[in-house]
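The block underneath contains the structure these notes are about, expressed in structure tokens.
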Amino acid sequence: MKTFAVLTLTLPLSFASNCFAQQKTFTADPVACRVGFVLSATGHEVHGVFHVQSGTIQFDRSTAKISGSILVSVASGESGDKDRDKKMRSEVLEVEHFADIIFVPQSYMGSIASSGDSTMQVTGVFTLRGTPHDLTVPMQVHVDGARLSATGKFVVPYVKWGLKDPSVFILKVAKV
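The numbering of the sequence shown is our numbering, which starts it at 50 and goes up by one.
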């Protein structure tokens, strides 16, 4: 059983005119950004979404450096089942103590086209429940004028990372 989160960002572009050719800054649009998740369980899959609260990504095409952060609200997590969502937020993710999930990119491999599609791998730090984890996310990027859309899929081994296993009796849930 594999579980992954899908990160989809649509980011409006702002830039400093003197460095447009190489350095760019993208700001997340919280209305358009989301983090989807799929969790395999006994006899079914749970699909859900978290909302991006804020984020800014800067990259320099000349050095393959990337920086910034994407901030996701833990309280926004929804899977379509009110009781399951309450348990996920309070017992597994402990929203009272850890309100945010944060991804801080540090470098990338591949190239970013000035327009159109690109494929890259973004390496950074993914902080879940206050604990940082190194993570590399394969990304599909599309630049259209002043907008950038990025989609990536990655596995979150949440039990290995110290989160509570929500399995109960005969209902077993994947550990990733």
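Yeah, the Cβ is synthetic: ideal placement off N, Cα and C, and Gly gets one too.
At the C-beta level, residue 118 and residue 153 come within 7 Å of one another. Closest by C-alpha distance to residue 203, out of 216, 195, 189, is 189. The alpha-carbon separation between residue 134 and residue 176 amounts to approximately 20 Å.
In this chain, the alpha helix (DSSP H) harbouring residue 134 covers 131-136. Our two residues, residue 173 and residue 218, have alpha carbons roughly 37 Å apart in a direct line.
Per DSSP, the unbroken beta strand (DSSP E) holding residue 103 starts and ends at 93-109. Under the Cβ criterion (8 Å, minimum of three pairs), the stretch 120-132 does not count as touching the stretch 156-170.
From the listed residues 76, 178, 126, the smallest Cα separation to residue 96 is found for 126.
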